[in-house]
Amino acid sequence: MKNFQVAIIGGGVIGSALAWELSHYKINVVVFEMGSDVASGTSKANSGVIHSGINSPPSSLKARFCVEGNKMFQSLATELGFPLKWIGKYVIAKDEDEIKELERLKTIGHKNKVAGLEIHDGLIVKKKEPNISCIAGLWVPTAGVITPYECTIALAENATENNVRFLLETKVKYLKKKADYFVIGTNKGEFQADVVVNAAGLNCGEIVSMIETPDFQIFPCRGEYLVLDKTYGSLIQSMVYPIPNKELGVLGVHITPTIDGNILLGPSAEFIDDSYDTSTTKEMMKTLFQEAREIIPALPEDTAINAYAGIRCKLASQKTGGWADYRIEESKRNPGLIYLLGIESPGLTAAPAIAKEVTQMISRRMNLEKKTTIRIQAIRRSRFSEMSLDEQSTLIQRDNRWGRVVCRCEQVTEAEVIDALSNPLNAQAFSSVKYRCRAGMGRCQGGFCTQHIVRIMEQQFHKDVKELKLKSPNSHLFIGNVRREI
Ligand SMILES: Cc1cc2nc3c(=O)[nH]c(=O)nc-3n(C[C@H](O)[C@H](O)[C@H](O)COP(=O)(O)OP(=O)(O)OC[C@H]3O[C@@H](n4cnc5c(N)ncnc54)[C@H](O)[C@@H]3O)c2cc1C
């Protein structure tokens, strides 16, 4: 049985941020992730917004960690090399009543110490965002965008380089408390740890019930999105939000420019029974378009190239208004077991601040001594498509794999696919390539590059095609031969 001082259950942005924070200390840490890569759950399927802190009630944990996390993101992005753009956001009002809501949000923002908030009249908004229809807008300059899975991958990969163990495709199945340690049973055997952190997102209740009776319930709430083709990327420059929906405890269908030049419409909000049901529906796609048109009336039809859904991990039901604060606490019955419950939006923004808080909690149970050296390396791979012609030709002369374009839509080369597959986590699913170098994320959604990536996996990484997975342990890309071999 392998011993660790800290075991983290879940390699989403919360588990990965904590792993990264702990990688700065002289302790041995393991992360169990049941998916084939980090960011397998909600952390890959959200809006990617670094929120400012105007939406959560002052003195809530959500407000505190959102504002603290927002301030930490610039240095995190610089250190780890993932892109972050402070494009700001407008919350828009369609009538006089909604202007009162803008005032209310501004007051909350002031109480939460969010800087730079201003209410602009419709003409000023129109000057900045000519395609928007509104009579006024609350301008929030401290809101930004990142690519959420890139951030999670960067945290996890850098933590790995600083000796945190990430065990992928390793599902925690049971937990037992011994005198002063825990036994963690997984599909890959038993492990031992002094402190266990439950960062299992939507499965946080399942983990708690392995060792005690949960005093809470999770209410999954699905949010669907549409991704628009890059051709429409210039429709807006900043994020545009409606007045938040108070009945459901969500921010409403907003329009978000992504780091890579697409536009997101969404998310919807639908309480569901199954926390794994990330299906997207035709009806909701129609609704998303309709609601987005309230913000951009001239939004053209047939602009979407993809749809996805993420599930909110809510501690409050639809009946009770859908809003509850985070619960970040140590179990009273099982000291050493730390729970992170209900980490819904703004969880991505809050992740680095939550990681610092949990590190403080861990320091009360063990001596945390800082390492003297840390490997800090910008994880982000150089993107061929973003290089100058001179840079591109220098690379091609050095290594002709830079000259072989594998994904035509996103201009991703064979060298980049190989680099993505050589990641420190040893994540080898098809989606691991996609989330690291964008192959398969363009207009044809993998129609062209899939066969080339399969070839590279087979020829250069000696993979058996029947073992190749799309994104999760059981999602085999190929299930058998169409013809019998002669
Ligand atoms: C629609 C939507 C939009 C959002 N937009 C934003 C936004 O713009 N900005 C923002 O700040 N926040 C946003 N959020 C919130 C944010 O995405 C989440 O708070 C955050 O991703 C939660 O991260 P996590 O690590 O707790 O959960 P997850 O990402 O779900 O990670 C939990 C991990 O635990 C693993 N796991 C579960 N059970 C086990 C087990 N038994 N053994 C091993 N592994 C296990 C899962 O596979 C998963 O990878 C949004 C959320 C949603 C749903």
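Our numbering puts the first residue of the sequence shown at 657, with every later residue one more than the last. Virtual Cβ for every residue (Gly too), placed ideally from N, Cα, C.
- The closest CA to that of E903, considering only P1002, M1017, G977 and V781, is found on G977.
- If one requires a minimum length of 4 residues, the alpha helix (DSSP H) runs lying completely within the segment 973 to 1032 are 1003 to 1019, in chain order.
- Out of A733, E785 and W795, the CA that lies nearest to the CA of L761 is found in W795.
- Rounded to whole angstroms, the separation of the alpha carbons of I1112 and V770 is 48 Å.
- Membership of D850 in the beta strand (DSSP E) is indicated by the continuous run G845 to N854.
- The DSSP-derived three-state label of L758 is helix.
- If you draw a 10 Å sphere on the C-beta of G1136, you find fewer than 16 other C-beta atoms in it, and that means exposed.
- Relative to the non-hydrogen atoms of ligand 1, the Cβ of R1054 never comes closer than 7 Å to any of them.
- Under the 8 Å Cβ criterion, the segment 1022 to 1033 does not count as touching the segment 1053 to 1069, having fewer than three qualifying pairs.
- Per the C-alpha coordinates, the member of L997, K827, F875 and D1120 positioned closest to V694 is K827.
- Taken atom to atom, the span from the alpha-carbon of T887 to that of P797 is near 25 Å.
- Taking 7 Å as the cut-off, one finds at least one heavy atom of ligand 1 near enough to the beta carbon of V828.
- Placement of the Cβ of V669 at a distance of less than 7 Å from at least one heavy atom of ligand 1 is found.
- Counting the other Cβ atoms within 10 Å of the Cβ of G765 gives 16 or more, which makes it buried.
- Exclusion of the five residues before and after E1070 leaves R1057, R1060 and V1062 as the residues of its chain whose Cβ lies within less than 6 Å of its Cβ.
- In this structure, L971 sits near R983, with a CB-CB distance shorter than 8 Å.
- According to the DSSP assignment, V687 belongs to the beta strand (DSSP E) that extends over V685 to F688.
- Taking a 10 Å sphere around the C-beta of Y830, we find fewer than 16 other C-beta atoms and assign the residue as exposed.
- Taking all protein chains shown into account, T803 has 16 or more neighbouring C-beta atoms within 10 Å of its C-beta and is therefore buried.
- In terms of side-chain proximity, the C-beta atom of T1005 is found nearer than 7 Å to a non-hydrogen atom of ligand 1.
- Nearest in C-alpha terms to E986, of all of V864, T1050, I915 and E1114, is V864.
- Rounded to whole angstroms, the separation of the alpha carbons of F927 and L1081 is 34 Å.
- Assigned with DSSP and collapsed to three states, P804 falls in helix.
- The beta carbon of A1011 sits closer than 6 Å to the beta carbons of A673, L674 and E677 from its chain, once the five residues preceding and following it are set aside; these are given in chain order.
- DSSP, read as helix, strand or coil, puts G861 in helix.
- Fewer than three Cβ pairs drawn from the segment 845 to 855 and the segment 746 to 754 lie within less than 8 Å of each other, which leaves the two stretches out of contact.
- Comparing alpha-carbon positions, the option among F945, G737 and G668 lying closest to I919 turns out to be F945.
- Separation of the CB atoms of I915 and M895 is rounded to 12 Å, and the pair is thereby denied contact status at 8 Å.
- Ligand 1 has a heavy atom closer than 7 Å to the beta-carbon of R968.
- Here C790 has I748, A749, K750, G778 and V781 as same chain residues with Cβ atoms under 7 Å from its own Cβ, once five neighbours each way along the sequence are excluded.
- The beta-bridge partner set that DSSP reports for K782 is empty.
- Taking a contact as a CB-CB distance under 8 Å, the pair I743 and P913 counts as one, their CB atoms being some 6 Å apart.
- About 21 Å separates the beta carbons of S1001 and G691, which is beyond the 8 Å limit, so they are not a contact pair.
- Taking every protein chain shown into account, the CB of R1092 has 16 or more other CB atoms within 10 angstroms, so this residue is buried.
- Cβ contact annotation for I1074 (same chain, cutoff 7 Å, sequence separation greater than five): R1057, I1112 and Q1116, in chain order.
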